[in-house]
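These notes are about the structure you will find just below.
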Amino acid sequence: MTFLKTSLDTSSKSFIENTKSMKTLVEDLKSKVSKFEEGGGTRSIERHLSRGKLLPRERVRLLIDEGSPFLEFSQFAGYKLYEEEVPSGGLITGIGRVSGRECLIVVNDATVKGGTYYPITVKKHLRAQEIAKENNLPCIYLVDSGGANLPQQAGIFPDKDHFGRIFYNQANMSSEGIP
-12 MTFLKTSLDT
-2 SSKSFIENTK
8 SMKTLVEDLK
18 SKVSKFEEGG
28 GTRSIERHLS
38 RGKLLPRERV
48 RLLIDEGSPF
58 LEFSQFAGYK
68 LYEEEVPSGG
78 LITGIGRVSG
88 RECLIVVNDA
98 TVKGGTYYPI
108 TVKKHLRAQE
118 IAKENNLPCI
128 YLVDSGGANL
138 PQQAGIFPDK
148 DHFGRIFYNQ
158 ANMSSEGIP
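As numbered in my numbering, the sequence shown has no gaps in its residue numbers, which increase by one up to the final residue, 166.
If you want it as structure tokens, here you go:
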């Protein structure tokens, strides 16, 4: 096997500075993702649990095959997009293995504004369906949603990528034989 030679000097001042800078950025990224994973915050989580409901990430964990990974998409959806916080766009999407088969999983996070759809939620949902279609993945929806977020409804229905497109896409995938 031929090895590529590098002139990288891991003890150089620029390498050390770049490494330090990158570590800071990675820690910031991890911190933000961790915050997004908390959903709508302590109060919303407590209310959700008091109703006897499982938290959305727990539902995913229980759904996928034990010990298998979950590749989550678009955790930064909705970040600083609206005046109010909408962690991960109020929707968890990703690929997980269920009964030995890779599946596209979409989960409303009811701890985020009651699981209601913002314009970014619709875009995230549609992108997940696009990935499912391109890769012939069955879609599993864990729905706990209040429907459209009423103050944002003007941005949910106005174009071809509107809220109703979710159902249109699912019907088309079904007709194409994607389970």
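Ideal Cβ positions, reconstructed from N, Cα and C, are used throughout, including at glycine.
query                                                                                          : result
Integer Cβ distance of Ile79 from Pro43, believed to fall under 8 Å                            : 6 Å
For Leu58, three-class secondary structure by DSSP                                             : strand
Three-state class that DSSP yields for Thr80 in the structure shown                            : strand
Close beta carbons around Cys126, own chain, < 6 Å, minus the five adjacent residues each side : Leu91 and Ala119
Assigned secondary structure, Arg38 (DSSP; H/G/I helix, E/B strand, else coil)                 : coil
Own chain, CB closer than 6 Å to Gly142, minus 5 neighbours either side, in chain order        : Pro106
Contact under 8 Å by Cβ, Ala64 with Lys111                                                     : yes
Asn95, DSSP secondary structure in three states                                                : strand
Alpha carbon of Arg46 to alpha carbon of Glu4, nearest angstrom                                : 42 Å
Residue from Gly134, Glu163, Ser162 and Ser161 with nearest C-alpha to His149                  : Gly134
Inter-residue spacing [alpha-carbon to alpha-carbon] between Asn122 and Ile165                 : 10 Å
Cβ shell of Ala115 (< 7 Å), same chain only, five flanking positions each side left out        : Phe60, Thr80, Leu91 and Val93
Distance, Tyr128 Cα to Ile153 Cα                                                               : 11 Å
N- and C-terminal bounds of the alpha helix (DSSP H) containing Tyr155                         : Arg152 to Ser162
Those residues which DSSP pairs with Ala135 across a bridge                                    : Tyr104
6 Å CB neighbourhood of Lys17 in its chain, flanking five on each side removed                 : none
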